[in-house]
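One structure is given here, and the rest of the page talks about it.
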Amino acid sequence: MHNIIENLQQFWTYTGFANCNLQYLIMIAIGLIFLYLGIKKEWEPMLLVPIGFGILIGNIPLFPGLQVSVYEQGSVLNILYQGVKQGFYPPLIFLGIGAMTDFSALISNPKLLLIGAAAQFGIFGAYAISLAFGFDAAQAGAIGIIGGADGPTAIFLSSRLAPDMMGAIAVSAYSYMALVPVIQPPIMKLCTTKKERLIRMKPPRAVSPTEKKLFPIIGFLLTAFIVPSGIPLLGMLFFGNLIKESGVTKRLANTASGPLIDIVTILIGITVGASTQADQFLQLRSVFIFFIGACSFVIATFAGVLFTKFFNLFLKEGNKINPLIGNAGVSAVPDAARVSNNVGREFDPTNYLMMHAMGPNVAGVIGSAVAAGMLLGFLG
Amino acid sequence: MKRIKTLLTVVGLTVAVAASAQSQGQMRLNEYLVINTDDYQDDFGQQSSWFEIFNSSYGTVDIGGCYLSDDPNNLKKYHIPSGDVMTQIPKRQHVIFWADNQPKRGTFHVNFDLENATEIIFTKGDGKSIIDRIKVRHDLPANVTFGRAMDGEGAFGPEANGEGWKVMENTTPSTNNVLVNKAAKPDRMKELDPYGWIMALTAMSVVFTALVILYLLFKTIGIANIKAGQKKEAQAAAAKAPAGEAAASKGTYGKVSAETYAAIATALHLYTVENEAHDEESFVVTQAATDRRYTPWSTHIQGFRQIPDVKRSK
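Those sequence lines, one after another, are chains F and C. The first sequence lines up with residues 11 to 390 when you count with this note's numbering. The second sequence lines up with residues 17 to 330 when you count with this note's numbering.
Next up, the structure:
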């Protein structure tokens, strides 16, 4: 009897209840909020559901040494986490994104590329703010990339520049991507006049298959020559697009845009979530990261919309761009473009901006990958 | 088939050998010490002349099978044994060879010494291609090394003239000639640009430059494409209709918007859905299978496998 009681006592020390403290409960609450937002509100469910559940997995209070935590070498979660830590999940996601992205809107109206470039001010605005908050340059670069509004890029760069902050940065980036419909509309309305919001853009011309095939090849060669450190992301993005557009590798394109990206999304979501263990995550600097992340989205939206207005000064009547698509320069695809469309239709229900906004939106993906390459080159 | 296999094998081997040779070509003589009285000791507690080789590549390089020599007329003087795991030099790492004329002491003890050498020559496994060479200076004081100012940088190859080498302030066997602090890059950046404006302006100009060039390229390609399309269209129209009518129809290519095509596709899609003529593939305009049973395309005879006649020799 004595032995049984002793065994039960020993077992109790292994349970989550015995090791629990307030920090774990806070993190579990955050995970539940993510799940609520993903499932009930359907905000980026593909990301928030795996991340939310990953937060639950990573914050079950553990007796140390059980070889189950994401940070314990050799554990299953640790092995899966290597894809995040070593940075090989993000390029695979980019492969899938490339295979899913239609660059037609951009090719038919290539000046929209410049809006995608302007929105990258969010990254460097956040970089400057991070320096002012006392982060070192590498950490500031990793935080700044939240402004690129691109989860895989944020994970890729933070795994290189500030691995210890990767959990907070990834969660922040994905959270704000989910919050794009909340953050962007007030800024878009603030920066535009009623007349500007009613601008009807020229319908995009039909793009030939040859142009679609040339775009990933030329796009890659050009951007990779300029920023070689961005090759993992840019290479996979453009390669994914080439297998889609080439027309002869349909099976590869289907795999990249279907099962492969789904598998990697599950793995990246669950492991990033699990990496937010309370002792690593609940720190004052995480609060700063979230604050700076919010600033970066605000700056990026301002920069995109204001740049479009500025650009319009040089365009002839009839060729003008509706500045409501300026917000889409942040690369939260396709949410930011959807926001442009919805806000545009609030003022003119027959003005569909979705296809036009997809131009700067996909340009933002290229722009943020180039910006990430720059940061890696300077700080890595 | 056999010929193709042979060809593939030969090509594969050539590529492998070329790749291996290419990697060995990244090795550099990096530092040497002629008179060693109070410096690094070997595993036998002896202080002898030594020289260091540096792997300047970013991959592991196996130097097994290469040659070391102090004699330009005998490049194969010391053969580095193959198959020793220690000859696999990791990326950006160094290896020390003891020039003590005691080759029986192991892989890293060569059969010449630097006090009597005029130069050190490092040669590939073919015994002919010189990877790197350096003249041995005998004017150096004891325990003072001569090495590359930056690891792996400077002149190399058969015509190497010692450019990039200098008398070292400290001896650095098996370590970098210049210690590079990994954290220095971000620190330097913060020192240089405490507010982040330089970084912002530099990086944004690069992002803009990349995308502006892409914009210009695709604007040009777009215009060329429209012109080529219009030309083709005009040629097609000219072939079909009399000259006057062909001229009138010229120039619709590229002016039809994508929205028009989207509208046509949507109309077709809706038509096929409403008429239940559409099968399971979404977003693809398809034709449903016909219900007629005796169409030649679905006849059972076409579906049956034809059993071939088997001819057996007796």
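Here a beta-carbon is modelled for each residue, glycine too, at the ideal position from N, C-alpha and C.
- Collapsing the DSSP output to three states places F/G75 in coil.
- Here the alpha carbons of C/A158 and C/I137 stand approximately 22 angstroms from one another.
- Taking 3 residues as the minimum length, the beta strand (DSSP E) runs contained wholly in the segment 60-102 of chain C are 65-71, 83-85, in order along the chain.
- In this chain, the beta strand (DSSP E) harbouring C/R164 covers 161-164.
- Taking C-beta atoms under 8 angstroms as the contact rule, F/G106 and F/I253 fail to qualify, at a distance of about 11 angstroms.
- Within chain C, the residues A226, I229, L230 have their CB atoms less than 7 angstroms from the CB of F/L232, given in chain order.
- Runs of the alpha helix (DSSP H) lying entirely within the segment 201-234 of chain F, each at least 4 residues long, are 204-207 in chain order.
- For C/W66, no chain F residue has a C-beta closer than 9 angstroms to its own C-beta; the minimum C-beta separation is roughly 34 angstroms.
- With a threshold of 7 angstroms between beta carbons, C/L286 makes no contact with chain F.
- The three-state reading of DSSP puts F/K121 in helix, counting H, G and I together.
- F/P214 has its alpha-carbon roughly 17 angstroms from the corresponding atom of C/K243.
- For C/Q104, the secondary structure class from DSSP, reduced to helix, strand or coil, is strand.
- Chain-ordered, the chain F residues with CB closer than 9 angstroms to the CB of C/A274 read S114, A115, S118, P213, P214, R215, A216, V217, M365.
- In this structure, the straight-line span from the alpha carbon of F/C305 to that of F/A136 is close to 7 angstroms.
- C/L156 is not bridged by DSSP to any residue.
- The Cβ atoms of F/G48 and F/G62 sit closer than 7 angstroms to each other.
- Interface residue (Cβ-Cβ distance to chain C less than 7 angstroms): F/F134 is classified as such.
- Contacts with chain C at 7 angstroms (Cβ-Cβ) include F/V380.
- Within chain F, the C-beta atoms nearer than 7 angstroms to that of C/M215 come from F134, Y137, F388, in chain order.
- Considering only beta carbons, the part of the segment 235-260 of chain C lying closer than 8 angstroms to chain F consists of K235, I237, G238, N241, I242, G245, in chain order.
- Excluding residues up to 5 positions away in sequence, A288, L292 lie with their Cβ nearer than 6 angstroms to the Cβ of F/Q33 in the same chain.
- Between the C-alpha atoms of F/V274 and F/P60 there is a straight-line separation of about 11 angstroms.
- Ranked by how close their Cα comes to the Cα of F/P269, the residues F/G84, F/T23, F/A109 have F/A109 in first place.
- Pairwise C-beta distances place the segment 312-325 of chain F in contact with the segment 127-135 of chain F, as three or more of them are shorter than 8 angstroms.
- Taking a cut-off of 8 angstroms for Cβ pairs, the segment 89-108 of chain F and the segment 274-285 of chain F touch, as three or more such pairs fall below it.
- At least one C-beta of chain C is nearer than 7 angstroms to the C-beta of F/M384.
- Taking 7 angstroms as the CB threshold, F/L252 stays off the interface with chain C.
- Within the DSSP secondary-structure output, C/A115 pairs in a beta bridge with C/S65.
- Within chain F, no C-beta atom comes nearer than 8 angstroms to that of C/Y74; the closest sits roughly 13 angstroms away.
- Taking C-alpha positions only, C/K107 is separated from C/G173 by approximately 20 angstroms.
- Chain C places no beta carbon closer than 7 angstroms to that of F/I65, leaving this residue out of the contacts.
- Taking the Cα positions, C/R44 is about 45 angstroms away from F/V181.
- For C/M205, at least one C-beta of chain F is nearer than 7 angstroms to its own C-beta.
- Shown here for F/G126: same chain residues with a beta carbon closer than 7 angstroms to its own, the five before and five after excluded, namely G339, P370, A373, G374, I376, G377 in chain order.
- Ranked by how close their Cα comes to the Cα of F/E54, the residues F/I302, F/L189, F/N119, F/I193 have F/L189 in first place.
- Taken through DSSP and simplified to helix, strand or coil, F/N264 comes out as helix.
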